[in-house]
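Residue numbering for the sequence shown is 113 to 258, as defined by this note's numbering.
Each residue gets a CB set at the ideal place from its N, CA and C atoms; glycine is no exception.
Since this is a predicted model, take the numbers as computed values, not measurements.
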Amino acid sequence: MLENEAFSCFVFYSVLLVIKMYIIAIITGQVRLRKKAFANPEDAQRHGGVQYYREDPDVERCRRAHRNDMENIFPFLFLGAVYSLIGPSLAVARAHFLVFFLFRVLHTVAYLCVLRAPTRSLAYVVAQVPCVSMAVQVLAALASSW
């Protein structure tokens with residue numbers, strides 16, 4: 113399967129995206145500890161008392177960034193895998209995967225660093241372009257095979 117160069121390229125960028133999601137999870141945990149804002153009473157009790165069983169705007173921002181990744185990266189994983197199996201040009205496939213990866217990273221930076229609008233929104237939209245393109249190409253390949 114890794115002999116398919118487009119699929120190998122897809123796997124590379126997919127692993128980077130999953131690592132990025134793990135990093136956001138770690139950042140969220142670190143912000144929770146720094147801000148003493150825990151989601152569970154037992155965690156709050158362990159770190160100073162039940163008064164720290166609370167929400168914090170910075171923790172919630174991290175959580176929203178992570179949730180947004182799940183809403184966008186999981187579909188990319190499906191679309192990219194199927195797309196890479198329909199035999200796309202390696203250069204075109206690489207461009208799709210790279211654009212998605214770079215703009216998801218920019219989206220995360222814009223979210224976590226509170227960059228000025230519309231940076232985050234533009235990053236989101238640009239990252240959707242390769243996903244829509246892959247979906248259309250997969251559907252076209254399926255339609256031509258019927």
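Where residue i falls, given that 16 or more other Cβ within 10 Å makes a residue buried
| i | result |
| --- | --- |
| S196 | buried |
| R216 | buried |
| A239 | buried |
| C225 | exposed |
Option nearest residue i by Cα separation, candidates the options
| i | options | result |
| --- | --- | --- |
| L251 | I198, R232, A177 | I198 |
| F188 | C174, T231, Y125, A203 | Y125 |
| Y223 | L202, V204, H178 | H178 |
| G161 | F215, A253, P153 | P153 |
| K148 | E167, F209, A253, L114 | E167 |
Identified DSSP bridge partners for residue i
| i | result |
| --- | --- |
| Y165 | F150 |
Separation of residue j from residue i, as counted between CA atoms
| i | j | result |
| --- | --- | --- |
| M176 | Y236 | Just to set this straight, residue 176 is Arg in the shown sequence, not Met. Approximately 14 Å between the Cα atoms of the pair. |
| A156 | L145 | 10 Å |
| L202 | N180 | 28 Å |
| E183 | W258 | 31 Å |
Boundaries (first-last residue) of the alpha helix (DSSP H) holding residue i
| i | result |
| --- | --- |
| H208 | 202 to 224 |
| R232 | 231 to 257 |
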